[in-house]
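I have placed the structure first, in the form of structure tokens, so that the comments after it can refer back to it.
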Amino acid sequence: MIKNFVLVACCCVLFKPILFNTANAQTVSMEAVTSFPFVSGITAAATGAKIAFTVNEKGKRNIYTATGPDFTLRKLTAYTADDGQEITSVTISPDGNWIAFVRGGDHGAFDESIPRNASSAPDAPKIQVYCIPFEGGTPTLISEGDHPVISPQSDQLAFIKDGQVWRATYGRRPAAKKMFHVRGSAEGIKWSPDGRQMLFTVSRADHSLIGIYRDSLTSIQWMAPAFSRDQSPQWSPDGKQVAFIRRPARGGAPDSLTVDILQPWSIWTAEAASGKGKEIWKAAESLRASLPATNGGTNLHWAARDRITFVSCQDGWPHLYSVPPTGGTALLLTPGNFIAEHIQLSADSTSLLFSTNLQDPDRRHLARVPVDKAAMELLTSGTGLESNPVMLGNGEAVAALFATAQQPNLPGIVTLRAKKQIKLIGKELIPADFPLGRLVSPRSVSFKAADGNTVYGQIFEPRGGPSQKPAILFVHGGPQRQMLLGWHYGDYYSNTYALNQYLAGRGFIVLAVNYRLGIGYGFDFQNPRHSWTAGASEYQDIRAAGHYLAGLKQVDSARIGIYGGSYGGYLTAMALAQDSKLFAAGVDIHGEHNLMVFAPGEQAEPAPDLALAKELMWKSSPVAWLSKWTSPVLIVHGDDDGNVKFHQSVDLINRLAKKNVSFETLMVPDETHHWMKYEHMLQVDQATAEFLTRKLLLK
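The sequence shown maps to residues 2 to 700 in our numbering.
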């Protein structure tokens, strides 16, 4: 049986609204549970106590501000449509008087420079830089462009347009103009501390360079140019030196495709005046010490107290280190079995702020550590979740996001006095019909995969109902993500957390599985052997999660479903293809299905294990196991997906049809990988819940 549903941008919901009805609670619609405000991009002025952030309220994205000491919430912009246009790069000028921001694009796609038109609007979409007074007013369009950076004097704005650096003067009418021309694609722009020079990276395919622009009469000064990929440049506080990351240029004999390859890197400094540079620290030659694949990468900062700080996983965890600019042994700032992410340098550059799972692997709390000694201090604790810290300009408090199992992320302030005090901002953003008091609190679980790997997750259990319930396994994407014991700090996963709550309210037991390849449990967990195209070892964790659910006395083992998006869609398809006897139905949302697309093309010099790599790629693909696929599936995909090719779902659908496997489809024209329109996100959530309810709950 084949069913097809197509969504158009302006249509109504094609699936009947589903309500959940927990014991002793009123029915709640999907729209209510997904109406949470999503707060992101929190930032602070360099002086004083001013903060700004974006809020997505059912697709209506706006900038909000607050000023201490009372931090009363104020809506700065007035965008009223669910039009799929992002707001990113919110930046307050150093003097605190105005804000720059970007509207448009999909900052999460593999190519963020492509405008997206999820609303199917007749006019071509654009990615544009705006500015607006902090105290309010009408946004002023500066130019098409992205990634704006405000000068230290607060009078100029630099940004990237068509791979070049452009500049505009704030408060004046002259049009923006190209700052300078450089071959290749420029990025990572940074004003010098005195505002007279511009530091940047330029990518030239197999190599990249760090340059300094001074004026229209002076040639670009290159920093220690070499046959390398240089990145992440940072000014020294006095503007006389530059620190950056150096990696080998691309090239050489093909590496093995079936084993992990060392990714060497080092830290260099260079004199800004001459470009003369030297290596001050080099990562050890081990897989753990390879270039970190964590939030913010190396997180390189040139701090105060004569220290350069960075992240390395050399001891098995993404930890903070610092080293003198003259070189030497790196000092471990955050020892222990925990992660550091969302790392920010404090306003005075003497400490690093970050979020960590030190106290609880499945939560986040705020911490800080001096840049020159291992004296880490937790700023928050308890059963909540806090993330994305940023120091206020006055150095007296930290702004961050605060959530719980029931309350979605809201901005808040935590003071840095001996007795920490937290002030939550924006409770009024939560809609009146949001089921704040009727959401369950998930609990942590762990179990073993067939090869002995420990698998982690959070289980949502409904209140009341029959003694044996249907169950659903949720598989996150990424895969470098981690589901948490509360509302997630990421927009995609805030939505899936809401959907998991909804499904629990409908009567499902829901397990969100944190499988190997994800963050939060150390380097070895995040970097397993034989994963993805080299054998899909992570699928063992998905199968183990299904068996864990089947073994619970409160679960009806004949009614276990699965759903996930992106990498989670890939693993959902693997589950249905390999274990239809375990998973009775599934929803595959923009997943990969045929990994042979990642096989190298014909070349004069093939990789030494090319034949083995292709064999493993095929065996790691869901489409290789279609003879075992019998469970019904709903396949969902937007056809302007910038992360997973739409053809991956087209290919799977055609294969399933030939095998006479029962499937249904939901195609969203012009939508991306990230559901830019709330209307579309709601429709996908409703379709997912309706399908799983029909196949499992009403069975």
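Ideal Cβ positions, reconstructed from N, Cα and C, are used throughout, including at glycine.
| query | result |
| --- | --- |
| Per-residue burial, residue 515 [other beta carbons within 10 Å of its own, 16 or more giving buried] | buried |
| Any 3 or more C-beta pairs closer than 8 angstroms across the region 686-700 and the region 31-49 | yes |
| Range of the contiguous beta strand (DSSP E) that encloses residue 188 | 186-192 |
| Candidates 557, 386, 572, 506, of which the one nearest residue 697 by Cα | 557 |
| Residue 619, enclosing alpha helix (DSSP H) - first and last residue | 611-620 |
| Residue closest to residue 257, alpha-carbon to alpha-carbon, out of 104, 670, 617, 621 | 617 |
| Cβ neighbour criterion (16 or more within 10 Å) applied to residue 136 | exposed |
| Inter-residue spacing [alpha-carbon to alpha-carbon] between residue 213 and residue 238 | 16 angstroms |
| Short Cβ contact (8 angstroms threshold) for residue 402 with residue 430 | no |
| Residue 1 (DSSP reduced to helix, strand or coil) | With the chain represented from 2 up to 700, any question about residue 1 goes unanswered, as that position is not in the structure. |
| Contact set for residue 24: own chain, Cβ-Cβ below 6 angstroms, skip 5 residues either direction | Bear in mind that a pLDDT of 42 at residue 24, under 50, signals an unreliable position, so the number given afterwards is only what the model happens to contain. So the list reads 464, 465, once near-sequence residues are dropped. |
| Cutoff 8 angstroms; reference residue 263; Cβ partners in own chain excluding five residues on either side | 286, 287, 288, 291 |
| Three-way DSSP call (helix, strand, coil) for residue 695 in this model | helix |
| Residue 55 versus 393, 272, 101, residue with shortest Cα-Cα distance | 101 |
| C-alpha distance - residue 106 paired with residue 677, whole-angstrom precision | 9 angstroms |
| With 16 other Cβ atoms within 10 Å as the buried cut-off, status of residue 111 | exposed |
| Sub-8 angstroms separation of residue 549 and residue 693 beta-carbons | no |
| Cβ-based burial, residue 371 [other Cβ within 10 Å; buried from 16] | buried |
| Boundaries of the alpha helix (DSSP H) in which residue 272 is found, first to last residue | Segment 267-272 is the beta strand (DSSP E) holding residue 272; no alpha helix (DSSP H) there. |
| Sub-8 angstroms separation of residue 320 and residue 304 beta-carbons | no |
| Residue 57 versus residue 331 - alpha carbon distance | 41 angstroms |
| Nearest-angstrom beta carbon gap, residue 155 and residue 98 [assumed within contact, 8 angstroms] | 6 angstroms |
| Beta carbon of residue 233 nearer than 8 angstroms to that of residue 189 | yes |
| Segments assigned beta strand (DSSP E), at least 3 residues, entirely inside the region 160-229 | 165-170, 178-181, 186-192, 199-205, 208-214 |
| Residue burial classification, residue 158 (beta-carbon count within 10 angstroms, cutoff 16) | buried |
| Closest by C-alpha distance to residue 153, when choosing among 187, 336, 127, 192 | 192 |
| Beta-carbon separation (whole angstroms), residue 130 vs residue 144, contact threshold 8 angstroms | 6 angstroms |
| Residue 673 versus residue 699 - alpha carbon distance | 32 angstroms |
| Beta-carbon separation (whole angstroms), residue 302 vs residue 235, contact threshold 8 angstroms | 6 angstroms |
| Within the region 22-91, ranges of the alpha helix (DSSP H) (whole runs, at least 4 residues) | 31-34 |
| Those runs of the beta strand (DSSP E) which lie wholly inside the region 463-549 and span at least 3 residues | 470-476, 510-515 |
| The region 245-259 contacting the region 612-632, beta-carbon criterion three pairs below 8 angstroms | yes |
| Proximity test, Cβ basis, 8 angstroms: residue 135 and chain B | The question asks about chain B, but that chain is absent: this structure has only one protein chain. |
| Buried versus exposed call for residue 231 [16 or more other C-beta atoms within 10 Å across all chains shown] | buried |
| Whole-angstrom distance between residue 606 and residue 355, CA atom to CA atom | 45 angstroms |
| Reference residue 69, options 416, 335, 38, 265, closest by Cα | 416 |
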